[in-house]
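The next block holds one structure in the form of structure tokens; read it before the comments.
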DNA sequence: ATTCTTTATCGTAATATTGCAATATTAAAT
DNA sequence: ATTTAATATTGCAATATTACGATAAAGAAT
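Protein chains in written order, with my numbering: chain B, 953 to 1062; chain S, 953 to 1062.
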């Protein structure tokens, strides 16, 4: 085997898992943080910011894009990447919600 | 290759990536959600709740445990698993913070 | 003591991820 | 038209993940 049995889980569970998985690598966390740090999102210099070769960075960007975490528009011979606000909101609410639910059942647990 | 160059990134970036990676599978999302749904955290029936074989579930639990997302105490011949509140708080604040930072730079972006 | 129940580990096969050199692509600049 | 600059794709090797059958381990129940 090796492939995930995604069809046995709910759409919501798969959605969150896809987002989490895409963020499950320090290089991709670093990319997200860099995209937020720079003011404009014309980001031709992401490669210089990371300790990885250009093809590797390109691949990480592709994965973030496939997961829907970043959006990219071609602009001349550079690409304008930026983080999708809706997705970040989704993650924020998901974990916010989980945390709230945990607080409400304090005491029943270890 | 195949291994991540974790030593080239900050501790914080690695920390978040490890948590995200551990949540990057629908089965593990389902496990977290189930642990929150049940009131008590004596959870001998996680296996029945998931469309996966017992060794597979055990392996997913181990991964969540290694990442520090769940804590488990042996209790007789069952195991008491529960979600670590501190970790969930960490995720909540991380994504909350990112979202806030995004809102503040609205307009500069695509 | 033996059986039952529950969780963990081992071994293994299938597939996915990570990383990079080499090469391609594409548009701007000369 | 050529060169330059930036990003993408291909191909490949190393490693990691996913899944499960078989088996082990360990306390509970009879």
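In this text, a Cβ means the ideal position worked out from N, Cα and C, and glycines have one as well.
| Query | Result |
| --- | --- |
| In chain S, which residues lie with their C-beta within 7 Å of the C-beta of residue 1009 of chain B? | The premise fails here: residue 1009 of chain B is roughly 12 Å from chain S at the closest Cβ pair, so nothing lies under 7 Å. |
| Name the DSSP beta bridge partners of residue 1033 of chain S, please? | S:1024 |
| Mind checking residue 980 of chain S: buried by the 16 CB within 10 Å criterion, or exposed? | buried |
| Does the CB of residue 982 of chain B have a neighbour CB from chain S at under 7 Å? | yes |
| Quick one: is residue 1044 of chain B buried, meaning 16 or more other Cβ sit within 10 Å of its Cβ, or exposed? | buried |
| Consider the Cβ of residue 1005 of chain B: report whether some Cβ of chain S lies at a distance smaller than 7 Å. | no |
| On the criterion of 16 or more Cβ atoms from any shown chain inside 10 Å, does residue 965 of chain B qualify as buried, or is it exposed? | buried |
| For residue 974 of chain S, is the classification buried or exposed, using 16 other Cβ atoms within 10 angstroms of its Cβ as the cut-off for buried? | buried |
| Can you find a CB in chain B that lies within less than 7 Å of the CB of residue 1017 of chain S? | no |
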